[in-house]
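Worksheet: the structure to be examined is printed underneath.
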Amino acid sequence: MKVNKISLMVAFLFTCALGTAQAQETEKAFIKENMEFATKQCKLMLKTPAQGKEGKGVMPHSMRKDGTASKGSIYLWTAGFFPGTLWYLSDYNNDKALQDSALVYTQKMEPVKTFTDNHDIGFMMYCSYGNANRFAPQKSYNDILIESARSLCTRYSPITGTIKSWNSWRSWNDGTVFKYPVIIDNMMNLELLFFASRVSGDDSYKNVAVSHAEKTMKNQMRKDGSFYHITMYDPETGKFIKGETSQGYSDNSAWSRGQGWAVYGFTVVYRETKDPRFLATAQKAADYYINHPNLPSDKVAWWDFNAFQEGFTPGPRSNAGKITTNYRDASAAALVASALFELSGYTKGKKSQVYFDTAKQILHSLGGPNYRAKEGENANYVLMHSTGAIPQNGEIDVPLVYADYYFVEALYRYNKILNNEPLFSNLK
Ligand code: GLY
């Protein structure tokens, strides 16, 4: 009798293990199929010509009204995403030709290392050269990235303790111009600074990043875990003035991609500092996204969690007050998925599983027919239905290169987790 019970238990455990192994194989096949599709789309994109005067439009950005890809200059904030996507795909596929293309597109970015007109250099250089350094390192990349970090730090003020995002911001409300705006997106530029400190041995970059993250945590996060898109500082006194929005529905609303930048950005800062305050902030931001009553069941957020809700009113100068249709933002979902895979690894217990399962569910939604394009369509981007800037009346329900980047990155991370490999084994 006893023996029978034991044999039953062994058989049960064996069946469970087999089920898990089969489920893992199914998931790996899902990842492979999506990575193969992304590779095909990127290879088609590589065949499309540059645009504009003297071929200045070289970096895929979004889609034009005629259905062809719109391309931007290397100085556009999105310029690093296409080379970055090529790096992930070339590494996943072990594809030398794709790696050569990743290198060609990365090298186009070198002049950006001295760019100081806004804060976006972290996005631009870390997605391109940062990934190049990770997947095919060369010593010269360290110098390029350190110079980029130095350029970003020219926008730091010890008075405000933050990096200035834009040179000014004109309010959607009454046109007031603020001279020291900081946007939540800026959290994404900090990874470059931590890298620069690590390879140069100079802590000043890291200190700027930590100060910026602390001020953002204090002034930009609301009590419920949502974030102002923009915070205004007084450059003379360093005082926080107020929060507003540029790309969200209203000043008090939660713009979905901004929420995503917060989840991702604070997760990175925790990775680099191991300071539990940053982990708690990343988790609070993630919980806001996951538990929001307006999050659709496929976990792909509306462009703003509060669009059209009572108590949320766009400023009179914003186009957000003119729209009558609600839109999803696949880019927000993709970047949240990528961040949640990392965050689940820093989180204990049930919450860790919730983060992991949500990330997985987002990928399955995005990889399904509602969001994933058909081969050769969608101007050769992978994902449809992203939303760039409704208040500016631009990029509404279109493909966006960064949605593809974070989708591919999330798939890459998911694959690493399933293979029991560290997410950042090849990161300096
Ligand atoms: N960083 C600009 C955006 O998220 O649209």
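So for the sequence shown, the working numbering puts the first residue at 97; every next one is plus one. Every residue gets a Cβ at the ideal spot worked out from N, C-alpha and C, and that includes glycine.
| Check | Outcome |
| --- | --- |
| Cross-strand partners of LYS167 (DSSP beta bridge) | PRO156 |
| Rounded separation between MET97 and ALA113 - CA only | Here MET97 scores only 49 on pLDDT, less than 50, and its place in the model should not be relied on; the value that follows carries that caveat. Roughly 24 Å separates the two Cα atoms. |
| Exposed unless 16 or more other CB atoms sit within 10 angstroms - verdict on ASN340 | The question names Asn, yet the displayed sequence has Glu at residue 340. By the neighbour-count rule (16 or more Cβ atoms within 10 Å), GLU340 is buried. |
| Nearest residue (CA-CA) to TYR451, options ASN315, ALA429, ASN466 | ALA429 |
| Other residues of its chain near SER261: CB distance less than 6 Å, five sequence neighbours each side excluded | HIS215, PRO277, VAL278, ILE279, ASN282 |
| DSSP three-state assignment for LYS319, whether helix, strand or coil | coil |
| Counted within 10 angstroms of its Cβ, other Cβ atoms place ALA376 as buried (16 or more) or exposed | exposed |
| Three-state secondary structure assigned by DSSP to MET97 | Low confidence applies here, because MET97 scores a pLDDT of 49, under 50, leaving its location unreliable and the question unanswered by this model. |
| Validate contact between the stretch 362 to 379 and the stretch 306 to 317 using beta carbons, cut 8 Å, 3 pairs | yes |
| beta-carbon ARG251 near the ligand GLY non-hydrogen atom, thresh 7 Å | no |
| Delimiting residues of the beta strand (DSSP E) encompassing PRO277 | 277 to 279 |
| Counterpart residues of PHE336 in DSSP-defined beta bridges | TYR329 |
| Classification of ALA119 by the beta-carbon crowding that lies within 10 angstroms, buried from 16 upward | exposed |
| GLY484 CB to nearest heavy atom of the ligand GLY below 7 Å | yes |
| DSSP state of TYR345 mapped onto helix, strand, coil | coil |
| The ligand GLY heavy atom lying under 7 Å from the CB of ARG424 | no |
| Sequence-distant residues of the same chain with beta carbon closer than 8 Å to GLU123, five excluded per side | LYS456, TYR510, LEU514 |
| Proximity below 8 Å, CB of TYR301 to CB of ALA245 | yes |
| Contact under 8 Å by Cβ, MET159 with ALA499 | no |
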